[in-house]
Amino acid sequence: MSDTQALLRTNDADANTLLSVRGLTKVYQTGAVKVHALRGIDLTIKRGELIVMLGASGSGKSTLLNIIGGLDTPTTGTVTFMGEDITGLRPSGLTQFRRAHVGFIFQFYNLVPSLTARENVALVTEISKNPIAPEEALRMVGLGERIHHFPAQLSGGEQQRVAVARAIAKRPNLLLCDEPTGALDSRTGVQVLEALKTVNEELGATTLIITHNVGIAEMSDRVIRLSDGMISEEQAMNRRRKPSELSW
Amino acid sequence: MVALLSALDRKLLRDLWRLRGQGLAVGIIIACGVGIMIMALGSLASLKESRSTYYDRYRFAEVFADVKRAPDRMLADLREIPGVKSAETRITRIVTLDIERLSEPANAQLVSLPDEGRPLLNDLIVYEGRWPNLSRSEEAIISRAFAEAHDYHPGDTVRAVLNGRARDIEIVGIGDSPEYVWTLGIGSLLPDDKRFGVFWMRRQALERAFDLDGAFNNVTVSLLPNAIEQDVIDEMDRLLAPYGAIGAYGRDTQFSNAFVESEMGQLVAMARIIPPVFLIVSAFLIHAILSRLIAVERQQIGLLKAFGFTNTEVASHYIKMAIVLSLFGVIGGLLIGRQLARLTTYIYSDTMRFPEIVQVIDSTAYASGTSAAIFAAVLGAMSAALKAARLKPAEAMNPAPPTVYKRGGLLPGWLLDRLDEPTRMILRHSTRWPARALMTVFGIAAAMALLVGTLFAFDSTDEMIDTIYYRTDVFDAAVTFAEVKGYDAVTELKRLPGVLDVEPNRGVYVRFRNGVHTERGSITAIKAGSEAKRLLDADGQMLGVAEAGLTLSTQLAEMLAVDVGDRLIVEVLEGNRPTLELSVTALADEYIGYSAYMDLDTLGRLLGETRVVSGAYLMLDPDRAAAFSDAVLDRPQVASVALRSSVIDTFNETLEDTITIMMTIYSLIGGAIAAGVVYNAARISLTERGRELASLRVLGFTRGEAAYILLGEQALLVLFAIPIGAILGAGFAHLIVLGMSTDLYRVPYALSPSTRGFSALVVLLASLGAAVLVAQRIRNLDLIEVLKTRE
Chain A
7 MSDTQALLRT
17 NDADANTLLS
27 VRGLTKVYQT
37 GAVKVHALRG
47 IDLTIKRGEL
57 IVMLGASGSG
67 KSTLLNIIGG
77 LDTPTTGTVT
87 FMGEDITGLR
97 PSGLTQFRRA
107 HVGFIFQFYN
117 LVPSLTAREN
127 VALVTEISKN
137 PIAPEEALRM
147 VGLGERIHHF
157 PAQLSGGEQQ
167 RVAVARAIAK
177 RPNLLLCDEP
187 TGALDSRTGV
197 QVLEALKTVN
207 EELGATTLII
217 THNVGIAEMS
227 DRVIRLSDGM
237 ISEEQAMNRR
247 RKPSELSW
Chain B
7 MVALLSALDR
17 KLLRDLWRLR
27 GQGLAVGIII
37 ACGVGIMIMA
47 LGSLASLKES
57 RSTYYDRYRF
67 AEVFADVKRA
77 PDRMLADLRE
87 IPGVKSAETR
97 ITRIVTLDIE
107 RLSEPANAQL
117 VSLPDEGRPL
127 LNDLIVYEGR
137 WPNLSRSEEA
147 IISRAFAEAH
157 DYHPGDTVRA
167 VLNGRARDIE
177 IVGIGDSPEY
187 VWTLGIGSLL
197 PDDKRFGVFW
207 MRRQALERAF
217 DLDGAFNNVT
227 VSLLPNAIEQ
237 DVIDEMDRLL
247 APYGAIGAYG
257 RDTQFSNAFV
267 ESEMGQLVAM
277 ARIIPPVFLI
287 VSAFLIHAIL
297 SRLIAVERQQ
307 IGLLKAFGFT
317 NTEVASHYIK
327 MAIVLSLFGV
337 IGGLLIGRQL
347 ARLTTYIYSD
357 TMRFPEIVQV
367 IDSTAYASGT
377 SAAIFAAVLG
387 AMSAALKAAR
397 LKPAEAMNPA
407 PPTVYKRGGL
417 LPGWLLDRLD
427 EPTRMILRHS
437 TRWPARALMT
447 VFGIAAAMAL
457 LVGTLFAFDS
467 TDEMIDTIYY
477 RTDVFDAAVT
487 FAEVKGYDAV
497 TELKRLPGVL
507 DVEPNRGVYV
517 RFRNGVHTER
527 GSITAIKAGS
537 EAKRLLDADG
547 QMLGVAEAGL
557 TLSTQLAEML
567 AVDVGDRLIV
577 EVLEGNRPTL
587 ELSVTALADE
597 YIGYSAYMDL
607 DTLGRLLGET
617 RVVSGAYLML
627 DPDRAAAFSD
637 AVLDRPQVAS
647 VALRSSVIDT
657 FNETLEDTIT
667 IMMTIYSLIG
677 GAIAAGVVYN
687 AARISLTERG
697 RELASLRVLG
707 FTRGEAAYIL
717 LGEQALLVLF
727 AIPIGAILGA
737 GFAHLIVLGM
747 STDLYRVPYA
757 LSPSTRGFSA
767 LVVLLASLGA
777 AVLVAQRIRN
787 LDLIEVLKTR
797 E
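Respectively, the protein sequence lines represent chains A and B.
Numbering of the first sequence is given in the numbering used here, commencing with residue 7 and proceeding in unit increments.
Numbering of the second sequence is given in the numbering used here, commencing with residue 7 and proceeding in unit increments.
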């Protein structure tokens, strides 16, 4: 994958482009007030990239993630995923898009309490075309031992790693993580980031992490800063650091 | 300024508004329960009031007696009986009518009016026309139902056969009397207004027609306020015994009154049995709603307590909520019930001929409906409210600990291992709270049970028709003679066109005695190997009459507290009035009345008669039935003729009229319960699992897949509940059979697979409807919110 990462300048048609965002805006109407959450975003994400997106609350990073992930639709602009414009898709088309291509990791894990770790992963592999075995996915995130535990019997870090395994077991092209360490202390946070790094490298899943946490940026290929609904800064990282070297 | 509503009350109202969907479901169920209660008790009150107004205003007699022929001078003696207020003698007869438009014979009950003025007792309300003139002997007032059925008006004539002579009776008036509020067709189980009417004529005309000059064959009596009815009856029997008295009787066994009474008994049974089911289900639903609400409002409860609200205040807040919720249902129920009561009363007025229906607002019914519903609501709210009261503030302000699931548990591992994850979620979730799942199962089962337990009535009726008209009374026609006849009367019948076979019978009025148990009744004597009138035991096996001894209907045996092998004193009330001691040789299972049977020859021997009959069962050639009908009317000895085919037709017509209406009403009611229960359970499940389902939707689960996880549990519980409901329904049907059975008739228990199937279909469709409503909400799940928020 490092080969593809080496190809830096590409255009939309490039086979190495996973996703491109053009002129994206999002306006929410709340009562009489219009909120401009996104004010024209252009962004190209290549296959296998690990991107960290930073920004304060209200900067628009979650809105961008929701639109890229097919949970929300933009007011104007396009999102092209593997050559296909997903902004015109109907709800059922977006469901199929998420189902086939996107893995989500939530801040609060959102595991199904009535299913064990293995079963939570199997929940997704059962509806995927070419999944990784749930046991294998759990092994990748370092949870080979506790696969028969229910969420209530796992620590927060463990639960989040189950969520990572669940997200990657279907071999998603795009892994979207919304504050994946937000609810964790730094030690368990590192374990989760290790898991994310592993799957990014082993599976080549393009990974987009949004966070408040500047420290995480150093494990990425590229850091994007959002403020006030626009990209205010983009920075390619020369050297990806290991999560264990990070601190916050 | 004092606020009209406290802040807590505002919260209550807003919570209720938020829960309006579920509240509506509970409200409908409460409204059904209260409505049915009001309907039953309200129409009961109206019928009672209508009846007593009618009875009082038109002086319905209290004791009745039939004799063969008693001299008029006996009237003075009867009036002297202590306790008797007034007495009136009459001539009554059943005769056949020859109505051109009817292919089969009809019958009329003739009742004499005093030669002048109006009757002392059992007065007539004349709706149309005038009273008969004494000088014109062939004038009559006819009963309204009969007149309506044939569109007769004053001025029309009807041909009747009086003592063998055909007469054209002129209708001069249309009227009714409290004595005939309820009439049955001859040989029928239902009113048959086309083939049975009451004709009131002047006494003189009937005296002449029936050779009863200076005599009477019927007397009715009213009582003084403190009179003891039984004493009067005994004295009347003593006085009239020489004149062929067959036993005086009170209103309790007066035919019309007894039927009205038993219909009212059914209303009471309905009010007692059906509404509690609704109220129990509503209590369960309120319990479920409030338990969930308290789980959702856990932190608010903690906050309230931190502010200083007492445990009692918190608990009563939730109880108040249940009461307010139930009040909506109660108000709906009162309104629906009032309308239903009116409707029912009018439906009853079709078979119960009251001159006017007095609509009564029965405040007791309203009060009991309201308090029962509120009681159920409070009961349902109790455990949830106590839970809220027991929450410790500090603990409550933290989120509830996550639900702990265990592997295995109620479900076997081999089963779980074979399932996909969504199905596993369904199973784990439904077995995680078994009590709650059981309540849902109970609620749906109650809907099923209610359907089975009401719709079985059609099977029961089928069973009754099948047993009576196809297995026991298989004769094509039953003829009764005006008085006992020799065998030549039978031979004469045999010669009529279309008659294939004739079996004579002999009915004799008797009084049965077994120690303290006494019953007035009759013995029907039939041929030993009778093909026309068959007796069946409890297992449906043919019994036949024994050479000696009595076969009693189980009903009569119960009333007399005798069993097979016991001996019974039988006082014959005809002829020489011998007292016999007979043994009970068998019990026959019968649905209508309380009969006793014995061998025709044996009875003749015991009475010292030879070859005497009072009626006959006939087998007819179906192609020549019309010729038979024409011919039989001219026979002088024939008092009444009942054709089996027309009786069955009437039955089917009456049933067809009601079956669709009743099926619709019961299906709506049963469906409302099932839909209410499923809707509530699914909504509660949705609030509990909304976040989980939204997460799955984010992960790429389609709406259908999410709906499967949400509603699969309800589907599973519905499937589980249906067979349980079918079993409960059978029990329910047994209860209703018990509640509705009277001395007069027994409702058979019968339940067909198609009734179970139909009930299950209604439950399934109602559940599906509710499920679709909830499934719509999956569309509205906020997928973005779940990414951000902790539960």
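Don't be surprised by glycine CBs; every beta carbon is placed ideally from N, CA and C.
Residues near residue i by beta carbon distance below 6 Å, same chain, minus five either side
i                 : result
ALA242 of chain A : ARG228
PHE152 of chain B : ASP199 and GLY203
THR69 of chain A  : LYS32, ALA43 and LEU44
ALA171 of chain A : VAL127, ALA143, LEU144 and VAL147
GLY676 of chain B : ALA453, LEU456, LEU457 and VAL768
GLU698 of chain B : none
Paired residues, beta bridge with residue i - DSSP
i                 : result
MET746 of chain B : MET746 of chain B is not bridged to any residue.
TRP206 of chain B : B:VAL117 and B:ILE147
GLN241 of chain A : A:VAL229
SER559 of chain B : B:ALA594
THR585 of chain B : B:GLU577
ASN224 of chain B : B:ASP72 and B:ARG96
MET470 of chain B : Answer is none; MET470 of chain B lacks a bridge partner.
Other residues of its chain near residue i: CB distance less than 7 Å, five sequence neighbours each side excluded
i                 : result
PHE112 of chain A : ALA169 and ASP184
TYR133 of chain B : ARG150, ILE180 and GLY181
ARG434 of chain B : TYR411
ARG783 of chain B : LEU692
Residue nearest to residue i in terms of C-alpha spacing, selected from the options
i                 : options                                   : result
PRO510 of chain B : B:MET604, B:GLU267, B:ARG99 and B:ILE667  : B:MET604
THR473 of chain B : B:ILE34, B:GLN365, B:ASP217 and B:ARG752  : B:ARG752
THR664 of chain B : B:TRP206, B:PRO281 and B:ASP356           : B:ASP356
ARG96 of chain B  : B:ILE105, B:LEU119 and B:ASN113           : B:LEU119
VAL644 of chain B : B:LEU116, B:GLU615 and B:GLY170           : B:GLY170
ALA383 of chain B : B:ILE36, B:ASP21, B:MET43 and B:LEU613    : B:ILE36
ALA538 of chain B : B:MET403, B:SER589 and B:GLY621           : B:GLY621
LEU702 of chain B : A:ARG104, A:SER238 and A:ILE215           : A:ARG104
SER120 of chain A : B:GLN720, B:ILE34, B:ARG124 and B:ARG438  : B:ARG438
GLU587 of chain B : B:ARG573, B:GLY581, B:LEU593 and B:ILE598 : B:ARG573
PRO125 of chain B : B:SER758, B:LEU212, B:SER183 and B:ASP174 : B:SER183
GLY763 of chain B : B:ALA602, B:PHE657, B:PHE462 and B:ASN686 : B:PHE462
GLN547 of chain B : B:ALA592, B:PHE448 and B:ASP494           : B:ALA592
SER652 of chain B : B:VAL40, B:PHE481, B:TYR685 and B:ALA721  : B:PHE481
ILE222 of chain A : A:ALA123, A:LEU252, A:GLU200 and A:GLY75  : A:LEU252
Sequence-distant residues of its chain with Cβ nearer than 8 Å to residue i (five each side left out)
i                 : result
GLU525 of chain B : ARG517, PHE518, LEU562, MET565, LEU566 and TYR600
SER536 of chain B : GLU509, GLY550, VAL551 and TYR623
GLN11 of chain A  : Note that GLN11 of chain A scores a pLDDT of 38, beneath 50, so its modelled location is shaky; the value from the coordinates is reported in the next line. Hits under 8 Å: LYS52, GLY54, GLU55 and ASP227.
GLU55 of chain B  : VAL364 and VAL366
Interface residues of the segment 455-473 of chain B facing chain A [CB-CB below 7 Å] | For the segment 455-473 of chain B, which is checked against every Cβ of chain A, not one residue is closer than 7 Å.
Could you list the residues in the segment 676-703 of chain B with a C-beta less than 8 Å from some C-beta on chain A, going in chain order?
-> ARG697, GLU698, SER701, LEU702 and ARG703
Interface residues of the segment 755-775 of chain B facing chain A [CB-CB below 7 Å] = none
Could you tell me which uninterrupted beta strand (DSSP E) segments, each at least 3 residues in length, are contained entirely in the segment 476-510 of chain B, listed from first to last along the chain?
-> If we require 3 residues or more, the beta strand (DSSP E) runs fully inside the segment 476-510 of chain B come out as 483-492.
Report the residues of the segment 423-447 of chain B with a CB closer than 8 Å to any CB of chain A, ordered along the chain.
-> ASP426, GLU427, PRO428, ARG430, MET431, ARG434, HIS435 and ARG438
Pull out every residue of the segment 94-112 of chain A whose Cβ sits closer than 9 Å to any Cβ of chain B, in chain order.
-> PRO97, SER98, THR101, GLN102, PHE103, ARG104, ARG105, ALA106, HIS107, VAL108, GLY109, PHE110 and PHE112
Below 7 Å between beta carbons is the criterion; list the residues of the segment 722-748 of chain B that meet it against any residue of chain A, in chain order.
-> Residues passing the 7 Å Cβ filter: none.
Near-chain B residues of the segment 50-70 of chain A (beta-carbon distance less than 9 Å), N- to C-terminal order = SER68 and THR69
Taking a cut of 9 Å between CB atoms, which residues from the segment 136-170 of chain A lie near chain B?
-> HIS154, PHE156, PRO157, ALA158 and GLN159
Cβ-based contacts, 9 Å cut-off: residues of the segment 381-413 of chain B near chain A = PRO407, PRO408, THR409, VAL410, TYR411, LYS412 and ARG413
If you scan the segment 55-127 of chain A from start to end, which runs of the alpha helix (DSSP H) of 4 or more residues do you find wholly inside it?
-> Counting only runs of 4 or more, we get 67-74 and 97-107.
Could you give the uninterrupted runs of the alpha helix (DSSP H) lying entirely in the segment 76-141 of chain B, keeping only those of 4 residues or more?
-> Residue ranges of uninterrupted alpha helix (DSSP H) with 4 or more members, entirely inside the segment 76-141 of chain B and ordered along the chain, are 80-86.
Any alpha helix (DSSP H) of 4 or more consecutive residues that is wholly inside the segment 371-454 of chain B | DSSP runs (the alpha helix (DSSP H)) wholly in the segment 371-454 of chain B: 399-403, 419-423 and 427-438.
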